[in-house]
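Have a look at the structure below before the remarks.
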Amino acid sequence: MPKNDQIDQDAEQLYEALSHLVRVYQFRDRDRNCCEGLSVTQCYALEHVIKAGPVRVQSLASELFLDKSNASRLVDSLAKQGLVQRVPDASDGRALAITVTPEGMAIYESIRSDLVGEARNLACDLSKEARDGAIEMLRRFAKATEQRCGLKDLSRDEYLPSKCC
Numbered sequence: 002m003p004k005n006d007q008i009d010q011d012a013e014q015l016y017e018a019l020s021h022l023v024r025v026y027q028f029r030d031r032d033r034n035c036c037e038g039l040s041v042t043q044c045y046a047l048e049h050v051i052k053a054g055p056v057r058v059q060s061l062a063s064e065l066f067l068d069k070s071n072a073s074r075l076v077d078s079l080a081k082q083g084l085v086q087r088v089p090d091a092s093d094g095r096a097l098a099i100t101v102t103p104e105g106m107a108i109y110e111s112i113r114s115d116l117v118g119e120a121r122n123l124a125c126d127l128s129k130e131a132r133d134g135a136i137e138m139l140r141r142f143a144k145a146t147e148q149r150c151g152l153k154d155l156s157r158d159e160y161l162p163s164k165c166c
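Numbering (my numbering), first residue to last: 2 to 166.
This is how it looks when you write it as C-alpha cells:
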C-alpha cells in the first residue's frame, strides 16, 4: 500500500477514537458487570439467544468469538441463574438448543432499555446527518474488522492467525 500522510493521520485519529470508545463501553474487561449482575459477555450471550431463537452452543460460540467449551460454561452460568434453558433441538432431537426463559427475557429487556436510553442521551446532541454517518461508519468498521481479522472463522473451532496488527 503506498504511503499517504493524510490516511496515516486519519488512521491514527481513528485508532485513538475507537480505542477510547471501546474503553468507555468496557469491552476491555469482558467479565466486568454490565447490568443486572451480568457480565458483558453474559449480556451478549443472552441477546444472541433472544435474537437468533433457539441456538446451539456452537452458534453462540461463533457469535461471541469464543471456543465451544467457554461458550458451554457461559450457558451453564446463565442456566443456573434461570435466564436460559437447554431444550431438544427441533432439527436434531439428539442435540440441545438454548432458549431464553421469561426471566431472561425480562432482564434482557431491562438492560436493553437502559442501554438504548444511554445511546439516546448521547445521540440527542448530534444532527440527524451526524447520527446517520456515525451509525454507518461503525457498521462498516465492525464488518471490516470481522473480515480482516478472521473472527468468524472461530465457528469452525479453528483459530486462524489474525490479519490484524
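Note that beta-carbon positions come from the ideal geometry of N, C-alpha and C, so glycine has one too.
- Where Thr-100 is concerned, the enclosing beta strand (DSSP E) starts and stops at 93 to 101.
- Non-local beta-carbon contacts of Asp-90 in its own chain, meaning distances under 8 Å to residues more than five positions away in sequence, involve Pro-55, Arg-57, Ala-96, Leu-97 and Ala-98 in chain order.
- A buried status is given to Ala-46, since no fewer than 16 other beta-carbon atoms sit within 10 Å of its beta-carbon.
- Between the alpha carbons of Glu-64 and Ala-143 lies a gap of roughly 13 Å.
- In the assembly as shown, Tyr-16 is an exposed residue. Its beta-carbon has fewer than 16 other beta-carbons within 10 Å.
- The Cβ atoms of Ala-124 and Arg-132 sit closer than 7 Å to each other.
- Ala-72 is classed as buried because its beta carbon has at least 16 other beta carbons within 10 Å across all chains shown.
- Excluding its 5 nearest sequence neighbours in each direction, Glu-48 has C-beta neighbours in its own chain below 7 Å: Tyr-109, listed in chain order.
- Comparing alpha-carbon positions, the option among Ser-78, Ser-111, Glu-137 and Gly-94 lying closest to Ser-40 turns out to be Ser-78.
- Inside the region 42 to 81, DSSP marks whole alpha helix (DSSP H) runs of 4 or more residues at positions 58 to 65 and 69 to 81, from first to last along the chain.
- Secondary structure of Ser-111 (DSSP, three-state): helix.
- For Asp-133, the enclosing alpha helix (DSSP H) starts and ends at 129 to 150.
- Selection Asp-6, Phe-66 and Cys-36 evaluated against Leu-116 yields Cys-36 as nearest (Cα-Cα).
- The three-state secondary structure of Asp-90, taken from DSSP, is strand.
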